[in-house]
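Numbered according to my numbering, the sequence shown spans residues 6 to 483. Working notes for the structure below.
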Amino acid sequence: MDAQHFDIALIGSGSANSFPGPEFAGRSIVQIDRGVGPAHVFGGTCLNLGCIPTKMLVHTADLAHAPAESARFGVTSALRHVDWPAIRDRIFGRLDAISTGGEQYRADHVDNQNLTLLRGTARFTGPRALAVTLADGTEQHITANTIVIGAGSRPAFPPIDGIDQARAHTSDTIMRIPELPSSLAILGSGVVAVEMAHIFASLGVEVTLIARSERVLRQADADVSERLTRVLDERLHLITGMTTTSVRRDSEGVLLRGTRDGAEVEVRAQELLVATGRISNADLLDVDAAGIDTHPDGRIVVDPYQRVLGGGEVLEGIWALGDVSSAHQLKHVANHEQKTVRHNVLHPGSMLRSDTMPIPSGVFTDPQVAWVGMDERAATAHAEASGRQIRVARQDYAGIAYGWALEDTDGFAKIIVDAETTEILGAHIIGVEATTLIQLLIQAMSTGQTARDIATTQYWIHPAMPELIENALLQVTD
6 MDAQHFDIAL IGSGSANSFP GPEFAGRSIV QIDRGVGPAH VFGGTCLNLG CIPTKMLVHT
66 ADLAHAPAES ARFGVTSALR HVDWPAIRDR IFGRLDAIST GGEQYRADHV DNQNLTLLRG
126 TARFTGPRAL AVTLADGTEQ HITANTIVIG AGSRPAFPPI DGIDQARAHT SDTIMRIPEL
186 PSSLAILGSG VVAVEMAHIF ASLGVEVTLI ARSERVLRQA DADVSERLTR VLDERLHLIT
246 GMTTTSVRRD SEGVLLRGTR DGAEVEVRAQ ELLVATGRIS NADLLDVDAA GIDTHPDGRI
306 VVDPYQRVLG GGEVLEGIWA LGDVSSAHQL KHVANHEQKT VRHNVLHPGS MLRSDTMPIP
366 SGVFTDPQVA WVGMDERAAT AHAEASGRQI RVARQDYAGI AYGWALEDTD GFAKIIVDAE
426 TTEILGAHII GVEATTLIQL LIQAMSTGQT ARDIATTQYW IHPAMPELIE NALLQVTD
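As structure tokens, this is what we get:
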């Protein structure tokens, strides 16, 4: 079969969907998208299965959880009812329309006269050559001068006996369930696991969170991770240090068996959510056929300009962005990498690197968690290796006026700086609006401002939440 040639081939419809634009009006583009989730919807994970629907659920969960906290403020209130179908349909009624509209825009709008949308699964058949299996089972062959891979990632299943037959949910399916279960077991302790634990526990589900490690959110600073572990342990059934060995589904739900401290453990729940991580979709693309290098975990190898490597060398004309190649699996990282690829394809003589800024993370639990830069352990090692010294500030929410209003006894900010220059090496926050408060420190680190610069050269509104940051900075700038 003869191949159809294009100037540019895009794989994916997440961050890669922002690549086409008027700058490419003179070039032919094919966009190939298999879709995400069981329904293979257009628009990528964030829109349909990830960041956006989960945050819409988190806000609902925060409202549902508020009555449980009101008594200590002298207010008596109660959660009377949770209408899950109404919650679910409100969220996905909005997002599904955006997904459908986005697909129709790419397929039919006058803005995309130079773009052909193919709904199907792409695989490499050679360097800059693809075969696309369409929905009707037919195959179309494509060649392109430039290929941009934004194929994303998918939930990973751990090798546990019986898990494939347990009809377990992942983040792809749990948000569209018909009704709330009476109980939910969650395997995992990372971002997805703790956010889902907050959501479903707040909505009245009996949640058991099963962590193989001794603390949740291990990628966070140890102090933050330990604090979140304690808070979750007080709020729901948290089992740490458990190795799950088998999963079975029966007429009563799911039964998980494992070991903890040498003892046998059993957990029973109506439903099971597996949230043990995500894997790159590179393996679905037959990247070996194009000579593309992959990391041990399956991610495509790219250089700092997002060019794909093969045999350790740049494969001309092939680029990758987002979860298919990034270790960070963050939408804001994928968006930034897309902008980098777009610039570099348009301006090959003045290419930009994508690795020039510190990468922040936010976790929408209750309390929220956010961080940027090095944790204390990494900063200490860095200082020892470079002959420098660090200073570490820790400011509790309970120590600022707005924290008194919140009656917050759990939250804190931790900021790590170079002892001499007060360069900010890392910042970590657990508490109310942590994901908002961290942005001031992200900006400082990205623009080269020191702790001394931002602590002493501006007014800080009193009494407001940012005083948490001000007071922490003042500890390391005296």
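Every residue gets a Cβ at the ideal spot worked out from N, C-alpha and C, and that includes glycine. Everything numeric in this text was worked out from a predicted model, so none of it was measured.
With DSSP collapsed to three states, give me the class of residue 9.
Start at 1 with the first residue of the sequence shown, and residue 9 comes out as number 4. In the structure shown, residue 9 sits in a strand (DSSP, three-state: E or B).
Extent of the continuous beta strand (DSSP E) to which residue 404 belongs
Sequence index remark: in the sequence shown, residue 404 carries index 399 (1-based). Segment: none, residue 404 is in no beta strand (DSSP E) and carries neither H nor E.
I need the DSSP call for residue 437, collapsed to helix, strand or coil.
Here residue 437 is taken as the residue at index 432 of the sequence shown, counted from 1. In this structure, residue 437 counts as coil in the three-state DSSP scheme.
As assigned by DSSP and simplified to three states, the class of residue 465
One-based indexing of the sequence shown puts residue 465 at position 460. In the three-state scheme derived from DSSP, where H, G and I count as helix and E and B as strand, residue 465 is classed as coil.
Are there three or more Cβ pairs, one per stretch, closer than 8 angstroms when the region 227 to 247 is compared with the region 137 to 146?
Too few Cβ pairs lie closer than 8 angstroms, so no.
Given that a residue counts as buried once 16 or more other Cβ atoms are within 10 Å of its Cβ, and exposed if not, what is residue 78?
The count along the sequence shown starts at 1 and reaches residue 78 at position 73. Here residue 78 is exposed. Its C-beta has fewer than 16 other C-beta atoms within 10 Å.
Using DSSP with H/G/I as helix, E/B as strand and the rest coil, what is residue 169?
Start at 1 with the first residue of the sequence shown, and residue 169 comes out as number 164. Helix at residue 169.
Supposed contact pair residue 432 and residue 420 - C-beta distance, whole angstroms, cut 8 angstroms:
In the sequence shown, counting from the first residue as 1, residue 420 sits at position 415. In the sequence shown, counting from the first residue as 1, residue 432 sits at position 427. Yes, they are in contact, since the Cβ atoms of residue 420 and residue 432 sit about 5 angstroms apart, within 8 angstroms.
Residue 382, buried or exposed, once every other Cβ within 10 Å from all chains shown has been counted against 16:
Translated into positions along the sequence shown, residue 382 becomes position 377. Taking all protein chains in view, the Cβ of residue 382 is surrounded by fewer than 16 other Cβ atoms within 10 Å, so the residue is classified as exposed.
Determine whether the beta carbon atoms of residue 320 and residue 132 lie at a separation below 9 angstroms.
Walking along the sequence shown from the start, residue 320 turns up at place 315. Walking along the sequence shown from the start, residue 132 turns up at place 127. Yes, the pair counts as a contact, with Cβ atoms nearer than the cut-off.
Closest residue to residue 304 among 412, 331, 280 (Cα-Cα distance):
Residue numbering aside, residue 304 sits at position 299 when the sequence shown is read from its first letter. Of the listed residues, the one whose Cα sits closest to residue 304 is 331.
Opening and closing residue of the alpha helix (DSSP H) in which residue 99 lies
As a first step, residue 99 is located in the sequence shown; it is residue number 94 there, counting from the start. Where residue 99 is concerned, the enclosing alpha helix (DSSP H) starts and stops at 89 to 113.
Please say whether residue 251 and residue 182 have beta carbons closer to each other than 9 angstroms?
Locating residue 182 in the sequence shown gives position 177, where the first residue counts as 1. Locating residue 251 in the sequence shown gives position 246, where the first residue counts as 1. In this structure, the beta-carbon distance from residue 182 to residue 251 does not fall below 9 angstroms.
Where residue 447 falls: helix, strand or coil (DSSP):
For the purposes of this step, residue 447 is taken as residue 442 along the sequence shown, with counting starting at 1. Per DSSP, reduced to three states, the secondary structure at residue 447 is helical.
Given residue 219, which residues of its chain have a CB within under 6 angstroms of its CB, disregarding the five upstream and five downstream residues?
Your numbering for residue 219 matches position 214 in the sequence shown. In chain order, 245, 246 place their CB closer than 6 angstroms to the CB of residue 219, counting only its own chain and leaving out the 5 sequence neighbours on each side.
Given residue 49 as reference, the closest of 213, 326, 129 once Cα atoms are compared
Locating residue 49 in the sequence shown gives position 44, counting from the first residue. Ranking the options by Cα distance to residue 49, first place goes to 326.
Helix, strand or coil for residue 228 per DSSP?
Against the sequence shown, residue 228 aligns to sequence position 223. Helix at residue 228.
If I follow the unbroken alpha helix (DSSP H) through residue 428, where does it start and stop?
The sequence position of residue 428 within the sequence shown is 423, counting from 1. No alpha helix (DSSP H) holds residue 428; DSSP gives it neither H nor E.
Could you round the C-beta distance between residue 481 and residue 427 to whole angstroms and report it? I think they count as a contact, below 8 angstroms.
Along the sequence shown, read from residue 1 onward, the residue named residue 481 stands at position 476. Along the sequence shown, read from residue 1 onward, the residue named residue 427 stands at position 422. With a Cβ gap of about 6 angstroms, residue 481 and residue 427 count as contacting.
Within this structure, are the beta carbons of residue 442 and residue 377 separated by less than 9 angstroms?
Along the sequence shown, read from residue 1 onward, the residue named residue 442 stands at position 437. Along the sequence shown, read from residue 1 onward, the residue named residue 377 stands at position 372. The answer is no: Cβ separation not under 9 angstroms.
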